[in-house]
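Visitor: Here you go, one structure.
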């Protein structure tokens, strides 16, 4: 098939098995919320947040109406569930709740785990607000949040702007051919996003936090990774690479001692190789920075498109951190492969 003819993309027809499973933890969590009446609490809390926002803007309020939850527009992930809300002024918000059933962690102490989860949640909000205020990258506006478990929902939550876009391969889901111009347009936008982030350098490697005390804006704090391990921050690329590799290796070593996973030997061998490689990672000329903010989970599900292949939203900024220039890459890890494999 020639470039002029394009190609037919058909992977989108295949359902995602884990989300179709009735026992999928995202669906189970949402079902529990419905049965317990928590959906009504979400609507009431969203309405209160909306009233505060409207008062700050000096708008007139219609206090006779509450937010309405659209149960047909639930989005499930392993770690979170999203609800679409119609607000009293007919604007549309999203409510995102942390899934309390998710339990994939390297941290055994309950108090430490909750503390790390709270810090990670706050970091995501700080990151979203920073990117929103300092770039033109389309990030949802945050209207309100609570990063703790000590709230009426019993779990961290965010109320944010609803972006009317759909994840890849939405622009091609009518089975129209993917053209080379489509690929160029999408990757040009991603290149622009990378350029914008590179214009906001930092002097440390870590995750963003809201600055405290007399400072305003954001500061760099420690890294909390996907296993909820905490380390950093760092002012040296080489020390960062070594410490990260060491942290993972020590974790895999403990797992082997506990015989938790039949594949732990492979994981431990990989971790050991990373420890060796870390001794040679990082260019000396960039060892002290600059360090660039990088979306840690940039893939096709976290990009929202319109019908013209314009990226109208970049979502899910959890685990985002500043990284050495050597590691900076905004190209989605599974985006080009899914598209180009059909050329």
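Numbering (UniProt numbering), first residue to last: 1 to 343. C-beta: ideal position from N, C-alpha, C; glycine also.
Taking 8 Å as the threshold (C-beta atoms), are residue 87 and residue 67 in contact?
Guide: Result yes, Cβ atoms of residue 67 and residue 87 sit closer than 8 Å.
Visitor: How far does the beta strand (DSSP E) with residue 61 in it extend, from its first residue to its last?
Guide: Unbroken run through residue 61: none, as it is neither H nor E.
Visitor: First and last residue of the alpha helix (DSSP H) that includes residue 113?
Guide: Where residue 113 is concerned, the enclosing alpha helix (DSSP H) stretches over 110-134.
Visitor: Can you give me the C-alpha to C-alpha distance between residue 284 and residue 62, rounded to a whole angstrom?
Guide: Cα-Cα distance, rounded: 60 Å.
Visitor: In whole angstroms, what separates the C-alpha of residue 298 from that of residue 313?
Guide: Their Cα atoms are separated by approximately 12 Å.
Visitor: Contact between the stretch 245-253 and the stretch 159-166 is defined here as three or more beta-carbon pairs at a separation below 8 Å; is this criterion met?
Guide: Flag = no, the stretch 245-253 and the stretch 159-166 do not touch.
Visitor: Could you tell me the distance, in whole angstroms, from the CA atom of residue 304 to the CA atom of residue 208?
Guide: Looking at the two C-alpha atoms, the distance is approximately 24 Å.
Visitor: Along the chain, where does the alpha helix (DSSP H) that runs through residue 244 open and close?
Guide: Segment 237-258, the alpha helix (DSSP H) holding residue 244.
Visitor: According to the neighbour-count rule (16 or more other Cβ atoms, all chains shown, within 10 Å of its Cβ), is residue 55 buried or exposed?
Guide: Per the 10 Å Cβ criterion, exposed.
Visitor: Can you name, in chain order, every residue of its own chain whose Cβ lies under 7 Å from the Cβ of residue 323, other than the five neighbours on each side?
Guide: Closer than 7 Å at the Cβ level, and outside the excluded window around residue 323, lie 205, 291, 292, 294.
Visitor: How long is the line joining the alpha carbons of residue 217 and residue 147, rounded to whole angstroms?
Guide: About 18 Å.
Visitor: Between the C-alpha atoms of residue 185 and residue 76, what's the straight-line distance to the nearest angstrom?
Guide: Each residue's Cα considered, the two are about 29 Å apart.
Visitor: Quick one, which of 269, 319, 245 has its alpha-carbon nearest residue 280's?
Guide: Closest by alpha carbon: 245.
Visitor: Just list the beta strand (DSSP E) runs in the stretch 204-235, keeping only unbroken ones of 3 residues or longer that don't cross its boundaries, in chain order.
Guide: With a minimum length of 3 residues, the continuous beta strand (DSSP E) runs that stay inside the stretch 204-235 are 207-210, 218-221.
Visitor: In angstroms, rounded to a whole number, what distance separates the CA positions of residue 241 and residue 229?
Guide: One C-alpha to the other measures close to 15 Å.
Visitor: Does residue 108 have its Cβ less than 8 Å from a Cβ in chain B?
Guide: Absence of chain B from the displayed structure is noted, only one protein chain being present.
Visitor: Which class does residue 144 belong to by DSSP, given the choice of helix, strand or coil?
Guide: It is a strand residue.
Visitor: Quick one: using the 10 Å Cβ neighbour count with 16 as the cut-off for buried, is residue 233 buried or exposed?
Guide: It is buried - the Cβ of residue 233 has at least 16 other Cβ atoms within 10 Å.
Visitor: In this structure, how does DSSP classify residue 170 when only helix, strand and coil are distinguished?
Guide: If DSSP states are grouped into helix, strand and coil, residue 170 belongs with the helices.
Visitor: Measure the Cβ-Cβ separation of residue 134 and residue 200 and say whether it is below 8 Å.
Guide: Yes, these two residues count as a Cβ contact at 8 Å.
Visitor: May I have the straight-line CA-CA distance separating residue 139 from residue 268, to the nearest angstrom?
Guide: Cα to Cα, residue 139 sits roughly 37 Å from residue 268.
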